[in-house]
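Everything on this sheet refers to the single structure shown next.
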Amino acid sequence: MTPSHAHQPMRWGLVLVICVWTGAAQASVAGPALTLSDALDIALRSNLALGAARARHAVGVAGVGVASALPNPEAEANYTTSRPHQAFLVKETLPFWGRRSAAIAVARGELGLVDLGVEGVIQQLRHDVRVHYYGLLFALRAEEIGRLELQNDRELLELTRARFEHGDTPELEVKQARLSAGRAEATLGTLSSEVDIARGELNLDLGREREAPIVLAGHLEERPPLPDVVRLVERALGEGRDARELRQRVAVEESRLRLARTGWVPDLTAGAGAEFDDPDFSVGPQFSLGLTMPLFNRKGAEQSQARAALEMLSREREALRQRVSTSLSSSFARVQAADAQVKLYSGSLVPSASEVRELYRDSYREGAVGILNFIDALRSEREVQLGYARALFDLERALADLEREAGVELNDGPAPD
Numbered sequence: 033m034t035p036s037h038a039h040q041p042m043r044w045g046l047v048l049v050i051c052v053w054t055g056a057a058q059a060s061v062a063g064p065a066l067t068l069s070d071a072l073d074i075a076l077r078s079n080l081a082l083g084a085a086r087a088r089h090a091v092g093v094a095g096v097g098v099a100s101a102l103p104n105p106e107a108e109a110n111y112t113t114s115r116p117h118q119a120f121l122v123k124e125t126l127p128f129w130g131r132r133s134a135a136i137a138v139a140r141g142e143l144g145l146v147d148l149g150v151e152g153v154i155q156q157l158r159h160d161v162r163v164h165y166y167g168l169l170f171a172l173r174a175e176e177i178g179r180l181e182l183q184n185d186r187e188l189l190e191l192t193r194a195r196f197e198h199g200d201t202p203e204l205e206v207k208q209a210r211l212s213a214g215r216a217e218a219t220l221g222t223l224s225s226e227v228d229i230a231r232g233e234l235n236l237d238l239g240r241e242r243e244a245p246i247v248l249a250g251h252l253e254e255r256p257p258l259p260d261v262v263r264l265v266e267r268a269l270g271e272g273r274d275a276r277e278l279r280q281r282v283a284v285e286e287s288r289l290r291l292a293r294t295g296w297v298p299d300l301t302a303g304a305g306a307e308f309d310d311p312d313f314s315v316g317p318q319f320s321l322g323l324t325m326p327l328f329n330r331k332g333a334e335q336s337q338a339r340a341a342l343e344m345l346s347r348e349r350e351a352l353r354q355r356v357s358t359s360l361s362s363s364f365a366r367v368q369a370a371d372a373q374v375k376l377y378s379g380s381l382v383p384s385a386s387e388v389r390e391l392y393r394d395s396y397r398e399g400a401v402g403i404l405n406f407i408d409a410l411r412s413e414r415e416v417q418l419g420y421a422r423a424l425f426d427l428e429r430a431l432a433d434l435e436r437e438a439g440v441e442l443n444d445g446p447a448p449d
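Encoded structure:
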């Protein structure tokens with residue numbers, strides 16, 4: 033054994049210790065490794081766009097307060113040349129209680145729509161966090177594959193040089209191996225840039241700085257069970273955000289119709305005051321009653337508008353039922369197709385590519401095949417590994433799209449066999 037070969041295990045052990053120490057240091061800087069659930073919790077607490085959306089709730093609450101407020105009283109003071117010379121009167125409009133309660137119901141219904149809008153932001157955020165979480169895992173896996181490819185190409189270059197020095201291969205194969213290693217190094221640089229981009233997208237969802245370090249505890253192979261599409265459609269039509277928003281809009285328009293129907297009821301204005309400087313008395317009481325006569329405007333246009341809106345929402349309900357059923361079936365078909373791709377790669381393509389690569393490696397060492405054949409085998413294995421990683425990511429993205437389309441979380445268990 034040559035001295036260089038004798039020290040090779042020690043050198044690789046030192047490299048392993050350095051890598052482990054560096055990884056531990058990076059993990060301590062980045063904090064604990066995040067699962068998908070951890071990332072979702074952080075996003076729900078720290079995402080800036082969600083915080084802005086939640087601030088709309090206060091606007092809706094203020095709207096309820098505006099609808100609940102009573103009109104201010106009016107104070108009136110008169111002075112005339114006739115007697116009595118002076119009079120003072122305080123008036124208060126007493127709105128019809130049905131009109132006020134209907135106005136409050138409209139404001140509360142609009143507050144419910146605001147809260148449903150916030151739920152929509154949360155659902156989109158859940159979708160983005162899931163896609164970007166597994167997108168970062170995919171980018172890290174692709175970078176790892178690229179790094180292994182570069183390592184294999186460099187080992188191949190060393191092997192080719194050794195064979196060339198022994199006269200077993202022409203110099204052309206050395207140049208081809210060097211070209212392959214250079215190409216792998218350039219590819220690794222691109223893949224590292226993709227990792228930075230994916231990390232920035234996830235950090236944006238989490239309300240962090242774009243360059244903040246982050247460590248993920250998840251794995252691309254975390255394949256969740258596929259939901260039952262029939263139960264999912266039922267849940268979407270009953271619990272989905274779009275269905276609940278449509279029902280809330282119906283409730284708001286019904287309240288608007290009740291409010292408009294109170295237009296024929298007059299408001300009562302009551303007043304009380306005093307008169308001064310009269311020959312018969314020094315101070316005398318004064319009372320007044322007034323009615324707003326609904327002669328020209330009985331809110332007929334508002335009633336027609338509310339009825340038309342209810343008719344429109346009734347048609348939207350039927351359209352929603354058809355759209356949800358169709359869109360969820362299509363989204364679920366994409367999930368099934370992605371799941372089939374994952375099973376194909378894991379069950380057949382990945383093991384076959386690894387086996388072919390080992391066969392070509394042994395054949396090249398024995399001189400049975402040329403270097404181009406071996407390079408093609410290495411490249412084919414890399415493409416299969418990348419395809420497998422992308423298939424896993426596509427499955428997670430399809431599930432995220434399905435959850436967003438349904439408007440409910442995918443927690444109803446797997447589909448029955």
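If you number the sequence shown the way this note's numbering does, the last residue is 449 and the count never jumps. For every residue, glycine included, the Cβ atom is placed at its ideal position computed from N, Cα and C.
Quick check: what's the CA-CA separation for residue i versus residue j?
i: Glu-205; j: Arg-215; result: 15 Å
i: Gln-155; j: Leu-269; result: 16 Å
i: Asp-274; j: Val-150; result: 12 Å
i: Ala-171; j: Val-282; result: 45 Å
i: Leu-145; j: Ala-340; result: 19 Å
i: Ala-84; j: Ala-75; result: 13 Å
i: Asp-147; j: Ser-100; result: 20 Å
i: Gly-352; j: Leu-278; result: Per the sequence shown, the amino acid found at residue 352 is Leu instead of Gly. Leu-352 and Leu-278: Cα-Cα distance of roughly 9 Å.
i: Glu-253; j: Arg-173; result: 11 Å
i: Thr-112; j: Val-122; result: 18 Å
i: Leu-238; j: Leu-431; result: 20 Å
i: Trp-129; j: Val-138; result: 14 Å
i: Ser-363; j: Gly-419; result: 21 Å
i: Val-98; j: Val-91; result: 11 Å
i: Glu-307; j: Glu-334; result: 43 Å
i: Ile-177; j: Val-262; result: 39 Å
i: Gln-40; j: Thr-222; result: Confidence is the limiting factor: at Gln-40 the pLDDT is only 40, short of 50, which leaves the residue's position unreliable and the question unanswerable from this model.
i: Ala-102; j: Thr-294; result: According to the sequence as given, residue 102 is Leu; it is not Ala. The alpha-carbon atoms of Leu-102 and Thr-294 are separated by roughly 17 Å.
i: Ala-18; j: Leu-188; result: Limits of the chain in this structure are 33 at one end and 449 at the other, which puts residue 18 out of reach.
i: Leu-342; j: Lys-331; result: 17 Å
i: Gly-399; j: Phe-406; result: 11 Å
i: Ala-59; j: Ile-136; result: Residue confidence for Ala-59 is low, a pLDDT of 43 falling below 50, so the modelled location carries little weight; the figure read from the coordinates is stated next. Cα to Cα, Ala-59 sits roughly 53 Å from Ile-136.
i: Asn-110; j: Gly-303; result: 14 Å
Kindly list the residues whose CB is nearer than 8 Å to the CB of residue i, restricted to its own chain and excluding five residues on each side of it in sequence; keep chain order.
i: Ser-359; result: Glu-437
i: Leu-427; result: Arg-255, Val-367, Ala-370, Asp-371, Gln-373, Val-374
i: Gly-272; result: Val-356, Ala-438, Gly-439, Val-440
i: Val-52; result: Reliability fails at Val-52, whose pLDDT of 40 lies under 50, so the model's placement of it is uncertain and the value that follows must be treated cautiously. Here the set comprises nothing.
i: Leu-234; result: Ala-71, Val-161, His-164, Tyr-165, Gly-167, Leu-168, Ile-246
i: Leu-80; result: Gly-239
i: Gly-95; result: Ala-139, Glu-142, Leu-143
Just list the residues that DSSP pairs residue i with in beta bridges.
i: Lys-331; result: None; Lys-331 has no bridge partner.
i: Phe-308; result: Gln-118, Val-315
i: Leu-248; result: Leu-66
Using a Cβ-Cβ cutoff of less than 6 Å, which residues in the same chain neighbour residue i once the five nearest sequence positions on both sides are dropped?
i: Arg-186; result: Ala-213
i: Gly-232; result: Arg-242
i: Leu-381; result: Val-416
i: Tyr-166; result: Phe-425, Glu-428
i: Glu-435; result: Leu-442
So what's residue i in DSSP terms, helix, strand or just coil?
i: Pro-271; result: Looking at the sequence shown, residue 271 is not Pro but Glu. Helix.
i: Val-122; result: strand
i: Phe-319; result: strand
i: Ala-109; result: strand
i: Leu-223; result: helix
i: Ser-300; result: A quick correction: the sequence has Leu, not Ser, at residue 300. Three-state DSSP puts Leu-300 in a strand.
i: Glu-415; result: helix
i: His-198; result: coil
i: Gly-379; result: helix
i: Glu-441; result: coil
i: Gly-130; result: helix
i: Ala-213; result: helix
i: Thr-294; result: helix
i: Val-401; result: coil
i: Glu-254; result: coil
i: Gly-144; result: helix
i: Glu-387; result: helix
Answer yes or no: does any C-beta atom of chain C fall closer than 9 Å to that of residue i?
i: Gly-97; result: The structure shown contains no chain C, having only a single protein chain.
Which whole-angstrom value describes the C-beta separation of residue i and residue j, a residue pair presumed to lie in contact below a C-beta threshold of 8 Å?
i: Leu-182; j: Leu-157; result: Not a contact, Cβ separation roughly 37 Å.
i: Arg-131; j: Val-284; result: Actually they do not touch by this definition, with Cβ atoms about 16 Å apart.
i: Leu-410; j: Arg-389; result: 6 Å
i: Ala-338; j: Leu-289; result: 4 Å
i: Ala-249; j: Ala-421; result: Their Cβ separation, rounded to whole angstroms, is 18 Å, which puts Ala-249 and Ala-421 out of contact at 8 Å.
i: Val-227; j: Glu-190; result: Not confirmed; about 27 Å, so no contact.
Tell me which residues share the same chain as residue i and place their Cβ nearer than 7 Å to its Cβ, disregarding the 5 neighbours each side in the sequence.
i: Gly-305; result: Ala-119, Phe-120, Leu-121, Val-122, Gln-318
i: Arg-179; result: Leu-220
i: Gly-141; result: Gln-280, Ala-283, Val-284, Ser-287
i: Gly-152; result: Arg-273
i: Val-401; result: Tyr-392, Ser-395
i: Val-93; result: Leu-143
i: Met-325; result: Pro-298
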